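Student: Here it is: the structure, laid out below.
See below:
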């Protein structure tokens, strides 16, 4: 999914596109145990600020993964939201500020100077805002959203998957799902076979 920078005009660009299943499936190969069920379209907004592009987007994915304790499949609905600043490779912010300020010209020297100062303040404020957002490089002409989607869905995956918080898991002796039935092994005190003969030893007074 490619976006051309020339399409991002002064008012910005709004985009809503379905996500190809193979993009998410490929991402989940780096997360063993997770499989894709379905996805919701990507909604994204782009704004050009000081030579960079501010990207804000969101999408949804439904995935399945085994519970860590009982191994039953759990369906997870992942809402994904992100903000990124796309920075052209080999291009510095100072270059963009000089270009913007040079273009800020008015009909007179006084007004031109004021315009330059105002634009400088606006650029400075925008720079501080963008500094707080994660940066990603792009080639300066197009933004490929597929790598962004793959990265963001991986970041949204939970560290641990549980079917429920109080999942009792599987019996270590017989493998019974303890959420469905209590096999009784947990209540029994299993004796190590190496220590079984110690029960027959009688202590003398």
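Residue numbers (the working numbering): 616 to 820.
We put the CB at the ideal spot given by N, CA and C, even for glycine.
All values reported here derive from a predicted model rather than from experimental measurement.
(1) To which residues of the same chain is residue 677 closer than 8 Å at the C-beta, ignoring the five residues directly before and after it?
(2) Which runs of the beta strand (DSSP E), 3 residues or longer, sit entirely within the region 626-678?
(3) Let me check understanding here. Comparing Cα to Cα, which of 658, 683, 695 and 638 lies closest to residue 772?
(4) With a cut-off of 8 Å on the beta carbons, I'd call residue 699 and residue 657 a contact; round off their distance for me.
(5) Among 639, 630 and 638, whose alpha-carbon lies nearest the alpha-carbon of residue 661?
(6) Counting pairs of Cβ atoms below 8 Å between the region 764-779 and the region 633-650, do you hit three or more?
(7) Taking DSSP's pairing of strands, which residues face residue 792 in a bridge?
(8) May I ask you to report which of helix, strand or coil DSSP gives residue 699?
(9) For residue 704, which residues of its own chain have a beta-carbon under 8 Å away from its beta-carbon, when the five flanking residues on both sides are left out?
(10) Starting from residue 761 and walking both ways along the alpha helix (DSSP H), at which residues does that stretch end?
(11) Any idea if residue 617 is buried or exposed, counting beta-carbon neighbours within 10 angstroms, 16 or more meaning buried?
(12) Here's a check: name, in chain order, each residue in its chain whose Cβ is nearer than 7 Å to the Cβ of residue 788, leaving out the five neighbours to either side.
(13) Between the C-alpha atoms of residue 632 and residue 675, what's the straight-line distance to the nearest angstrom?
(14) Quick one: Cα of residue 798 to Cα of residue 769, how far?
(15) When we look at the beta-carbon of residue 644 and count the other beta-carbons within 10 Å, is it buried (16 or more) or exposed?
(16) Compare the beta carbon distance of residue 623 and residue 757 with 8 Å and say whether it is the shorter of the two.
(17) Classify residue 780 as helix, strand or coil using the three-state DSSP reduction.
Tutor: The answer reads as follows:
(1) Within the same chain, residue 677 has close Cβ partners 651, 652, 653, 654, 690, 691, 692 and 693.
(2) 628-632 and 650-664
(3) 695
(4) With 8 Å as the limit, residue 699 and residue 657 do not qualify as a contact, their Cβ atoms being about 13 Å apart.
(5) 630
(6) yes
(7) 785
(8) strand
(9) 752, 753, 754 and 755
(10) Here the alpha helix (DSSP H) through residue 761 covers 760-771.
(11) exposed
(12) The answer, listed in chain order, is 800.
(13) 12 Å
(14) Computed Cα separation, rounded: 38 Å.
(15) exposed
(16) no
(17) In this structure, residue 780 counts as coil in the three-state DSSP scheme.
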